[in-house]
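In our numbering, the protein residues as written are 3 to 126.
Backbone N, C-alpha and C define an ideal beta-carbon position, used for all residues, glycine too.
All figures in this text were calculated on a predicted structure; none of them were measured in a lab.
Just below is one structure, and these are the notes that go with it.
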């Protein structure tokens, strides 16, 4: 039958259905990946529920969305999203990549400070 989607996701809050079994299988792998990411992200935002790998990333996120809220921007970000749209997942991945870059910059700054301190200690 045209338009029929017999392959349904079994997860309660999902509701997605697919024409082909292979599409459902890929979809379920995405759910599995979300679960794995959540395990590695124990720090959660009290405002939107998003998880982070480090406490510093959570603080950065919280200050950013608090600032946006004060400025009247990003109010729709405070609506908890259902994770059924792959575009939303891609946007979250982009945010996570940005946070990881920031963490990398912080680590590099710390390394430079430590090297500078080591050089100073070597001279004395």
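Which of helix, strand or coil DSSP assigns to residue i
i, result
"residue 46", "strand"
"residue 82", "Residue placement at residue 82 is poorly supported in this model, since its pLDDT is 45, which falls under 50; the coordinates still yield a value, given next. Coil, per DSSP."
"residue 55", "coil"
Cβ neighbours of residue i in the same chain (closer than 8 Å, five flanking residues each side left out)
i, result
"residue 104", "59 and 62"
"residue 22", "9"
C-beta contact flag for residue i and residue j at 7 Å
i, j, result
"residue 7", "residue 20", "yes"
"residue 51", "residue 40", "no"
"residue 29", "residue 18", "yes"
Residue from the options whose Cα sits closest to the Cα of residue i
i, options, result
"residue 102", "5, 14 and 55", "55"
"residue 45", "57, 35, 37 and 36", "57"
Distance between residue j and residue i (C-alpha atoms, nearest Å)
i, j, result
"residue 26", "residue 12", "10 Å"
"residue 109", "residue 47", "23 Å"
"residue 49", "residue 35", "23 Å"
"residue 71", "residue 117", "39 Å"
"residue 67", "residue 106", "21 Å"
"residue 83", "residue 124", "Confidence at residue 83 is low in this model, with a pLDDT of 45, below 50, so its placement is unreliable and no value can be given for it."
"residue 120", "residue 69", "38 Å"
Same chain, Cβ closer than 7 Å to residue i, neighbours up to 5 away in sequence not counted
i, result
"residue 33", "13"
"residue 5", "none"
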